[in-house]
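As you go down the protein sequences, you meet chains E, Z and P in turn.
Going by this note's numbering, the residue at position 70 of the first sequence is 70; the numbering climbs one at a time, nothing skipped.
So this note's numbering is basically just the index in the second sequence, starting at one, shifted up by 1000.
So this note's numbering is basically just the index in the third sequence, starting at one, shifted up by 2000.
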Amino acid sequence: MRVALFATCLADAMFPQAAQATVTLLERLGHDVVFPDAQTCCGQMHINTGYRRQARNLVRHHTDVFEPYDAIVAPSGSCVGSVRHQHAVIARGVGDERLADRAAQLATRTWELSEFLIDVLGVEDVGAYFPHRVTYHPTCHSLRMLRVGDKPLRLLRAVRGIDLVELPAADQCCGFGGTFALKNAGTSAAMLADKMGHVLATDAEVVTAGDASCLMHIGGGLSRLESAVRPLHLAEVLAATDGSRP
Amino acid sequence: MNARDEILSRIRTATGPSPVIRPVPRDYAVAGAHAPGAPELLDLLAERLRDYRATVHRCTPGDLDATLAEVTRGWRVAVPDSSAITVPGAVADRPALSHADLDGVDAVLTGCAAACADTGTIALDGGADQGRRALTLVPDRHVCVIHADQVVQTVPELLRRLDPRRPLTFISGPSATSDIELDRVEGVHGPRTLIAVVVGPAGTTGNNVHREQG
Amino acid sequence: MTTFLGMPHAPRGVGQLRGDEPFPAAADKALADRQLRRNLGHATATIRDKRARAVAEVADWEQLRLAGEAIKAATMARLGEHLIELEAAVTARGGHVHWARDAVEANRIVTDLVRATGATEVVKVKSMATQEIGLNEALESAGITAVETDLAELIVQLGHDKPSHILVPAIHRNRTEIRDIFLRHMPGVDPDLTDDPRRLAMAARAHLRAKFLTARVAISGANFAVAETGTVTVVESEGNGRMCLTLPDTLITVMGIEKVVPAWTDLEVFLQLLPRSSTGERMNPYTSTWTGVTPGDGPQEFHLVLLDNGRTAVLADEAGRSALHCIRCSACLNVCPVYERTGGHAYGSVYPGPIGAILSPQLTGIEDNASLPYASSLCGACYDVCPVRIDIPSILVHLRGEHVDARAQRALPSPEALAMAAAAWTMAGPRRFRLGERLLRLGRLLARGGRIRRLPPPLSAWTAARDLPEPPAQTFRQWWRTRPGDGRR
């Protein structure tokens, strides 16, 4: 299958290894990955911060770029959530019905990585080998916007060598929330502290998730605590085969 | 413009001239798995009432008088003014007892309009064997007789048995509060003791009758 | 999309819908109070578990939620007709119906009604609407004492405190603090009172009993009012509601206009949804319904005050109006990670938590509660538990948009608006985006040991508690171009 990678602006600029791992993984499974070079950002941050006018332009650009492709995959629950649940609303809100229809159509072909692997490709065992103690944080938008359920966990359980340990209070938000982390920094930090406490309680070497943004938050907190726990994107765990710690 | 007309005018402006009204999906369960009065429902009702700290007695129609006499022994009992459910020596609410009088009795004894097994709820509608609302509120103990044919399974079945034009009281256990640390504690302003007497045919009465210290 | 111009909001200077300071500042104070956070953490964890168990018992829970959502939406679409029907039904049964455009008018109506009875003291059932309009304060200035009879309201009133939760206004207090409040402020209290919740409840019973038995006027809110029959409903636990609704001669009920439901059968949905969502019980201990006046039973004088106070402004915003569907269960507060940490006072309004963050700004106008729509990480837990499926996260996002638009019309662009515009410009096309990525790489100069530990404002808010990783030497798209044959795709 020909798959268009929607890398997301954050992974592209800050966490290229998450997008690279997505490519590695999909190619290993025998698929042809393309990267539409004109892609920039889905506009989620603008939408969620209230900047609807600028967001509309980003929605249009995103739709223009990805419309030619049959399957679009992103290593991000929240960016796919924005495409699926917000893009058409934004377009309709500014009276652009045509863009709203196009965005709604595109949304039906846009997948978060774990959804794509399980629902579209029908694989649970992606042939990964990762002999480390790992805990999984189900990010809010994957869990409650996309309803990915236990799909990421099913993929992780099939990884050879993995010591997967359950994260206590896993469904609790890490406190990132985009600009929430800046506008309500104190509350965000309090939420983060509890999330890190749960992560540390697992004795995991690696905390993984389907969103680079939440991982940037949790990882940033762990780094400040001088913790040795490493944040790794789900794609990186699933792409691993040689047993080394990426 | 007066307030009424102004608010109604604002509403019309807010909703627009032809608001969209979508049909309400009503595919939730209305009837339960068991017919009213089924033995399973009497058991479930008793279990759910006990779960919320009500005292429950089970008896047959033939045992009812003896059961009530035993339950209320030694108590000064108030009853509605024309109730068929009573015990010897009961004080009838005729003429209407004062609030202070009601505060002075040991218990009130009534029937009910219907009961819901799923939630352990008793409904009163001010009928002849239930009386006015103050009667079942001020006394510290409420002894309530529930006949098998009054017991339905679901909340919709319960509401559909009742006439909303009558003053209704739905009772699920004794008075309680969750206001301190969101833990449930029984017994605040309403009757602190709720004693339900569930009357069913022979073979459905479950446990033995025994006197509860209320 | 935008609020209809001229649709009045809840007026300033009366009631409790506005805080003294923006949410982040108020939240920081609450976050520093360790006792408060322990109390809130304990109480919300308890009720979350109870709710989850009570909901899991109900096989048709999702069908009930869908029905509840649809009934509310259909009600709002024909709100005027339902209110007229309600008025006619209540009047036909001997009740009196009053209409109040706002808090000031409602307070005046209630004050006049109480004065007409000659009473100088009234007993009150816990009611969000009367808190919203500041009725107790209005009565007090007219020389009338309002006695709150709900245990948590009593705790708040005795402690000269403010409510912090829709269901349990004293949730921020633990049992020991409550004992101390009773010892200090409850006349005639047993000096040996312990902090056993049962003993505390008994103290409240003893304190209020004489008041109930002698009260002549009661004031309540309403959970629901059935248009077709004129039946008003109060859902409660302690029996203080029954006392107020039954024993006095006069009952005055203040009800937001959105509380009307069309038909008696609609209550079969809400009386299942509300208790399980609210206290996590199969059914709350007591629900009372009354229809006008019943001769020989209960108050012989009944007044129903229908309150707007900004509700029609909410109704006018199609994208936000479902905030009016709220049945005040408070499940969204109990699951909210923000509420759990800040408590209710930080929201400044009697409606705290996620529902308050969408309701208060709409009632007052966005300018007066501009920080509330941002008081959420958009985690979505509130939407999942809402018994009438209010899509709170989407309304939060909508209100943020309304706020940004309103500000853009009035003022010079804020630093945030400039940053957002710059980001949008950068992301408008791949060439600009690549340029942006090159600029971002300058961040490598700030990094030490692979991480950035300090950034200038506003990003200092991030680095106060978190590091940022060093920007990578190579972006993804640069890496992609290094792959053989991939450069031009």
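The beta carbon of each residue, even a glycine, is placed where N, CA and C say it ideally should be.
Just so you know, these numbers come straight off a predicted model, no measurement behind them.
May I ask you to list the residues that DSSP assigns as paired with M2128(P)? DSSP output for M2128(P) lists no bridge partner at all.
With 16 as the cutoff for other CB atoms within 10 Å, does L106(E) come out buried or exposed? buried
Does any C-beta atom of chain E lie closer than 8 Å to the C-beta of L2440(P)? yes
Identify the contact partners of R144(E) in chain P, using a Cβ-Cβ distance below 9 Å as the criterion. C2379, G2380, A2381, Y2383, D2384 and P2393
Just checking: is the beta-carbon of Q44(E) within a distance shorter than 8 Å of some beta-carbon in chain P? Any Cβ of chain P closer than 8 Å to the Cβ of Q44(E) would place that residue at the interface, and such an atom is absent.
Report the option in G2292(P), H2172(P), I2144(P) and A2411(P) whose CA atom is closest to the CA atom of A2215(P). I2144(P)
When Cβ atoms are compared, which residues of the segment 207 to 224 of chain E fall closer than 8 Å to chain P? M216, H217, G219, G220, G221, S223 and R224
Assign D2102(P) to buried or exposed, taking buried as 16 or more other Cβ atoms, counted over all protein chains shown, within 10 Å of its Cβ. buried
In whole angstroms, what is the alpha-carbon distance linking D2266(P) and A2077(P)? 16 Å
Is there a Cβ of chain P sitting closer than 8 Å to that of A228(E), yes or no? no
With a CB to CB cut of under 8 Å and the five nearest residues on each side skipped, what residues in its chain are close to L2273(P)? L2064, R2065, G2068, I2327, C2329, P2387 and V2388
Quick one: give me the first and last residue of the beta strand (DSSP E) that D163(E) is part of. D163 to V165
Can you tell which of R2438(P), K2072(P) and S2141(P) has the C-alpha that lies nearest to the C-alpha of T2120(P)? S2141(P)
Cα-Cα separation between T49(E) and A2054(P), rounded to whole angstroms: Taken atom to atom, the span from the alpha-carbon of T49(E) to that of A2054(P) is near 36 Å.
Quick one: using the 10 Å Cβ neighbour count with 16 as the cut-off for buried, is L2439(P) buried or exposed? L2439(P) should be labelled exposed.
Between which two residues does the alpha helix (DSSP H) carrying R92(E) extend? H87 to G93
Three-way DSSP call (helix, strand, coil) for E1186(Z) in this model: strand
Here's the rule: buried if 16 or more other CB atoms are within 10 angstroms of the residue's CB, otherwise exposed. What is L238(E)? buried
Those residues which DSSP pairs with S244(E) across a bridge: S244(E) pairs with nothing; no bridge assigned.
Helix, strand or coil, according to DSSP, for A2100(P) in the structure here? strand
Against chain P, which members of the segment 146 to 165 of chain E pass a CB distance test of less than 7 Å? none
List the residues that DSSP assigns as beta-bridge partners of R2557(P). No answer is possible for residue 2557(P): it lies beyond the span of chain P, which begins at 2001 and ends at 2489.
Cβ of F180(E) within 8 Å of any chain P Cβ: True, the Cβ-Cβ gap to chain P drops below 8 Å.
Pick out whichever of M2283(P), K2124(P) and L2245(P) has its Cα sitting closest to the Cα of T2294(P). L2245(P)
Going by DSSP in three states, T2250(P) sits in which element: helix, strand or coil? Strand.
Using DSSP's beta-bridge definition, name the partner residues of E2121(P). T2145(P)
Spatial neighbours of P138(E) in its chain, beta-carbon cut-off 6 Å, leaving aside the 5 residues before and after: So the qualifying residues of the chain are A170.
Enumerate, from N- to C-terminal direction, the unbroken alpha helix (DSSP H) stretches of 4 or more residues contained entirely within the segment 1057 to 1082 of chain Z. 1064 to 1071
8 Å is my cut-off, CB to CB: does R98(E) come that close to chain P? no
Any beta carbon of chain P sitting closer than 8 Å to that of D1244(Z)? Absent from the structure is residue 1244(Z), since the part of chain Z shown begins at 1001 and ends at 1214.
In angstroms with no decimal places, state the Cα-to-Cα distance between N1208(Z) and D1065(Z). With a pLDDT of only 44 at N1208(Z), under the threshold of 50, the placement of this residue in the model should not be trusted; the figure read from the coordinates follows. C-alpha separation (whole angstroms): 15 Å.
Chain-ordered neighbours of Q2474(P) on chain E, where CB pairs are closer than 7 Å: P16
Roughly how far, in whole angstroms, is the beta-carbon of P2338(P) from the beta-carbon of S2377(P), given that I think they are within contact range, below 8 Å? Pro is not the amino acid found at residue 2338(P); the sequence shown has Val there. Between S2377(P) and V2338(P) the Cβ distance is about 7 Å, and since that is below 8 Å, they are a contact.
Less than 8 Å between the beta carbons of R2179(P) and D2195(P), yes or no? The answer is yes: Cβ separation under 8 Å.
Can you look up H1210(Z) in the DSSP assignment and give me helix, strand or coil? In this prediction, H1210(Z) has a pLDDT of 43, which is less than 50 and means its spatial position is unreliable; nothing more can be read from the coordinates.
Got a sec: which bits of the segment 44 to 73 of chain E sit with their beta carbon under 9 Å from any beta carbon on chain P, in order along the chain? In summary, the residues of the segment 44 to 73 of chain E whose CB is separated from some CB of chain P by less than 9 Å are M45, H46, I47, N48, T49, G50, Y51, R52, R53, Q54, A55, N57, L58, H61 and V65, in the order they occur in the chain.
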